[in-house]
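Engineer: Residues 3 to 345 (the numbering used here) make up the sequence shown, in order.
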Amino acid sequence: MTTSIRGAANADVLTRFRRSAHWKPLEYAFWCLPVAAYFAFPGNYLLLSQIAITGLFALSLDLIFGYAGVISLGHAAFFGVGAYTVGLMGSHGWSDPLLGLLLAALFAGIVGFLSSFLLLRGSDLSRLMVTLGVALMFFELANKLTRITGGVDGLPGITIGPILGVFDFDMFGRTGYIYSVVVLFVLFWLARRLVRSPFGQSLRGIRMNALRMPALGVPVNRRLVKIYTIGAAYAGVAGALVAQTNQFVSLDVLSFQRSADLLLILILGGAGHLYGGLIGAVVFVVLHDQLSDLNPQYWQFWLGLILVLLVLFARGGILGTAQQWIESRRQRTQARQRAGSTS
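1) Taking its Cβ as the centre, do 16 or more other Cβ atoms sit within 10 Å of Q302, making it buried, or is it exposed?
2) For the alpha helix (DSSP H) that A212 lies in, which residues bound it at each end?
3) Taking C-alpha atoms, which residue in S74, H275, F315 and D263 lies nearest to L130?
4) Buried or exposed: where does R224 fall if 16 or more other Cβ atoms within 10 Å of its Cβ makes it buried?
5) Apart from the five residues on each side of it in sequence, which residues of its chain come closer than 6 angstroms, Cβ to Cβ, to Q52?
6) Check the DSSP bridge columns for F169 and list the partner residues they point to.
7) On the DSSP bridge assignment, give the partners of G251 in chain order.
8) Nearest-angstrom Cα distance between N46 and I267?
9) If you check the beta carbons only, do A70 and L243 fall under 8 angstroms apart?
10) Please classify R340: does DSSP put it in a helix, a strand, or coil?
11) Are the beta-carbon atoms of G57 and L280 separated by less than 8 angstroms?
12) Mapping the DSSP letters down to three states, classify R122 as helix, strand or coil.
13) State the CB to CB distance for the pair G102 and F80, rounded to an integer number of angstroms; the pair is presumed to be in contact (CB under 8 angstroms).
14) Can you look up P44 in the DSSP assignment and give me helix, strand or coil?
15) M173: which of F109, Q246 and S199 sits nearest, CA to CA?
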């Protein structure tokens, strides 16, 4: 009897997983936008590449924070590991970009795996301090090991070979943009399947009530270690893309400001939605670019004011607030229909 119930439950989970794996029309429309942007903004490929890379970076944090509920102020550590991995490879003659992505993901994932065990004890505040401490350690290491990292001068003159031996990185950023969007889409597709799987559903349960999940047979610590490692690897790939498209790496990739901006981007777009981080990246990067052009002296003030207002009046983030609005309209429509049918 128990076996049959368990089998039915597993079958139900698999059925829901297959249904959720189907792409919705709005998702197809969303992924048409990067293609349209390629033709609509031919002089802004570098900015578009920055949006795609920032979106991938936000996606990496969303897996950890939005789905597992582990907040981090040190995510730049993994971003920096990925960037310096590619930078050191390029400065020593290893110029294959795809190999660079794989090694960046590997090394950032290893750092994430090792540091994840520090997060298994303590409260959210202690976890926040641990993540910040790890990032500060890596920043200081990169600053002191000047013979390896270049210190404050960075790593200039990084050589990046053509993609698949055919597509060279051009000075206008055209190849870099296409490359960044393709990598973003592939990793997004993998993340989408992950969060809609039984593993992803267990992460949601951990975020909502971590104390209850062990009673349901979910190994909470192992789940957190796995998703933290995956998120770190994603962040490492984002850092690698920055190094490859800019062909330069500096201490900025490990800065606290980068981690803080990332958390703000995710909250702005809406955590726990996957697309929230991508939307937040678009809004943040575009606002940053436009305001710095319009008001070079006080652009940070206006950017901060706009972001504060957005967070105050859209507490679920842009995507979360939009979903709430659509859901409330749907419920009101259904209520009117029921009232009309009963009258």
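Beta carbons are placed, not taken as given, at the ideal position from N, Cα and C, and that holds for glycine.
Structural biologist: By the coordinates alone:
1) Residue mapping note: residue 302 aligns to position 300 of the sequence shown, counting from 1. With fewer than 16 Cβ atoms within 10 Å of its Cβ, Q302 is classed as exposed.
2) Numbered from its first residue, the sequence shown carries residue 212 at position 210. No residue range can be given for A212, since it is assigned to no alpha helix (DSSP H) and is classified by DSSP as neither H nor E.
3) Taking the sequence shown and counting its residues from 1, the one referred to as residue 130 is at position 128. Across the set S74, H275, F315 and D263, the C-alpha of S74 shows the shortest separation from the C-alpha of L130.
4) Taking the first residue of the sequence shown as position 1, residue 224 is located at position 222. By the neighbour-count rule (16 or more Cβ atoms within 10 Å), R224 is not buried but exposed.
5) Residue mapping note: residue 52 aligns to position 50 of the sequence shown, counting from 1. Hits under 6 angstroms: V287.
6) Locating residue 169 in the sequence shown gives position 167, counting from the first residue. Paired residues: I165.
7) Within the sequence shown, the letter at position 249 stands for residue 251. Strictly speaking, residue 251 in this sequence is Val, with Gly absent from that position. BP columns for V251 point to L157.
8) On the sequence shown, position 44 is the one that residue 46 refers to. On the sequence shown, position 265 is the one that residue 267 refers to. Between N46 and I267, the C-alpha separation is close to 21 angstroms.
9) Here residue 70 is taken as the residue at index 68 of the sequence shown, counted from 1. Here residue 243 is taken as the residue at index 241 of the sequence shown, counted from 1. For A70 and L243, no; Cβs fall outside 8 angstroms.
10) The residue you call residue 340 lines up with position 338 of the sequence shown. Three-state result, R340: helix.
11) Residue numbering aside, residue 57 sits at position 55 when the sequence shown is read from its first letter. Residue numbering aside, residue 280 sits at position 278 when the sequence shown is read from its first letter. In this structure, L280 lies closer than 8 angstroms to G57 by Cβ.
12) As a working note, residue 122 is residue 120 in the sequence shown. What sits at residue 122 in the sequence shown is Leu, not Arg. Coil at L122, not helix or strand.
13) Here residue 102 is taken as the residue at index 100 of the sequence shown, counted from 1. Here residue 80 is taken as the residue at index 78 of the sequence shown, counted from 1. Between F80 and G102 the Cβ distance is about 15 angstroms, and since that is not below 8 angstroms, they are no contact.
14) For the purposes of this step, residue 44 is taken as the residue at position 42 of the sequence shown. Three-state result, P44: coil.
15) On the sequence shown, residue 173 is found 171 positions in, with the first residue counted as 1. Residue Q246 is the option with its Cα nearest to M173.
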